[in-house]
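Mapping to full-length UniProt numbering: the sequence shown position 54 is 54, numbers consecutive. Backbone N, C-alpha and C fix where the C-beta goes; we use that ideal spot for every residue, glycine too.
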Amino acid sequence: MAKPVMISVLECDNHIDPDRSKWGGYGPLVSKWLRSNDRLQELAQIRVWDVKNAMDYPEPGDYDVLIITGAPANPEGEEPWLVKLREYIEKEVETASHQKFVGFCFGHQILAMAYGLSVECNDSGYEFSATTIQLSDTGKRLFNQDSICLNEGHQFQVKDQDLGQLHNLGSTDHTRIQGLFLPKRLWSLQAHPEFDAEALGQILEFAKSKLSEEDYQNARARNTDNVEQQVALDSLVNFILE
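So this is what it looks like as structure tokens:
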């Protein structure tokens with residue numbers, strides 16, 4: 001029998017499901033998406049950790065894969081939970097020799113910082129809703145296609161800079177670094193591959209006050225079920241199981 005894969009999901013926010021009545025929270029939404037892949041259903045043992053409110057974390061070595069969720073937060077913020085998150089991730093990236101790291105949106109930015117990269121607030125405002133990402137050569141190999149359409153919901157981003165040992169997965173006009181990859185170590189996306197139209201709609205309503213009416217209506221119009229969640233999940237599962 002194959003060895004179980006221990007996956008720890010660090011839940012960094014729960015605006016998507018405040019009373020946990022819809023999906024059980026953001027972490028469980030991610031878990032459900034992961035388990036929709038047949039290869040993970042039997043192998044994955046998934047535990048969610050509330051790192052924002054409880055500031056609770058897995059012990060080093062208690063996981064094979066660490067997934068950092070999104071959050072409507074400045075990744076450089078000084079709130080106690082953010083400081084602890086950055087310190088924990090930096091230490092794990094530096095000292096955990098066999099574990100793998102995954103990040104979505106805010107989680108992607110936190111991992112970028114752990115690898116010494118800089119983040120910034122985009123002067124162009126928010127990138128929201130279903131968006132086509134033009135993939136790099138590395139992205140094309142990972143997703144087996146030239147572009148991928150995924151939901152976005154961010155204003156902060158990884159700066160366009162020398163990535164060192166890391167590989168950029170793709171770009172949009174708004175955000176040049178749409179994902180980071182390091183074989184057997186790091187897989188992250190600026191997008192939200194875990195979000196379908198319903199989940200994105202929840203986040204869009206939460207962010208409505210931060211958007212112009214034109215941007216809000218545009219995002220609503222593009223919020224469809226045509227995003228390629230399963231393409232992204234297949235790539236992620238390949239990374240997890242390799």
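**Asked** Since residue 243 contacts Arg47 with CB under 8 Å, what's their CB separation in whole angstroms?
**Response** Residue 243 falls outside the range modelled here, since the chain spans only 1 to 242, and no answer is possible.
**Prompt:** If we ignore side chains and look at the alpha-carbon of each, how far apart do Gly61 and Gln99 end up?
**Reply:** For this step, residue 61 is matched to residue 61 along the sequence shown. For this step, residue 99 is matched to residue 99 along the sequence shown. Those two C-alpha atoms are separated by around 8 Å.
**Asked** Of all the options Phe143, Ser147, Leu169 and Ile177, which has the alpha carbon lying nearest to the alpha carbon of Phe156?
**Response** The count along the sequence shown starts at 1 and reaches residue 156 at position 156. The candidate whose alpha carbon is nearest that of Phe156 is Ile177.
**Request:** Kindly indicate which residue of Asp38, Ser21, Leu233 and Asn53 has the alpha-carbon position closest to the one of Leu10.
**Result:** Position 10 of the sequence shown, counted from the start, is the residue given in the question as residue 10. With distances taken between CA atoms, Leu10 lies nearest to Asn53 out of Asp38, Ser21, Leu233 and Asn53.
**Prompt:** Unbroken alpha helix (DSSP H) runs of length 4 or more, entirely within the segment 60-105: which are they?
**Reply:** Here the runs fully enclosed are 80-95.
**Message:** Judging by CA-CA distance, which residue of Thr69, Asn151 and Thr172 is the nearest neighbour of Arg220?
**Reply:** Counted from its first residue, the sequence shown places residue 220 at position 220. For the options Thr69, Asn151 and Thr172, the alpha carbon positioned closest to that of Arg220 is the one of Asn151.
**Nearest-angstrom beta carbon gap, Tyr26 and Thr69 [assumed within contact, 8 Å]** = Residue mapping note: residue 69 aligns to position 69 of the sequence shown, counting from 1. Residue mapping note: residue 26 aligns to position 26 of the sequence shown, counting from 1. Right, the Cβ-Cβ distance comes to about 6 Å (below 8 Å), so this counts as a contact.
**Request:** Classify Leu163 as helix, strand or coil using the three-state DSSP reduction.
**Result:** For the purposes of this step, residue 163 is identified with residue 163 of the sequence shown, where counting begins at 1. Note: Leu163 maps to coil in three-state DSSP.
**Request:** State the DSSP-derived secondary structure class of Asp215, mapped to helix, strand or coil.
**Result:** Counted from its first residue, the sequence shown places residue 215 at position 215. If DSSP states are grouped into helix, strand and coil, Asp215 belongs with the helices.
**Item:** At least 3 beta-carbon pairs within less than 8 Å: the segment 113-128 vs the segment 205-218
**Value:** Touching, yes, given that three or more Cβ pairs across the two stretches are closer than 8 Å.
**Prompt:** Excluding five sequence neighbours on each side, which residues of the same chain lie with their C-beta closer than 7 Å to the C-beta of Trp23?
**Reply:** Walking along the sequence shown from the start, residue 23 turns up at place 23. So the list reads Asp17, Leu29 and Lys32, once near-sequence residues are dropped.
**Request:** Enumerate in chain order the residues of its own chain whose CB-to-CB distance from Leu82 is below 7 Å, with the five nearest sequence positions on each side excluded.
**Result:** Within the sequence shown, the letter at position 82 stands for residue 82. Only Ala73 meet the Cβ criterion.
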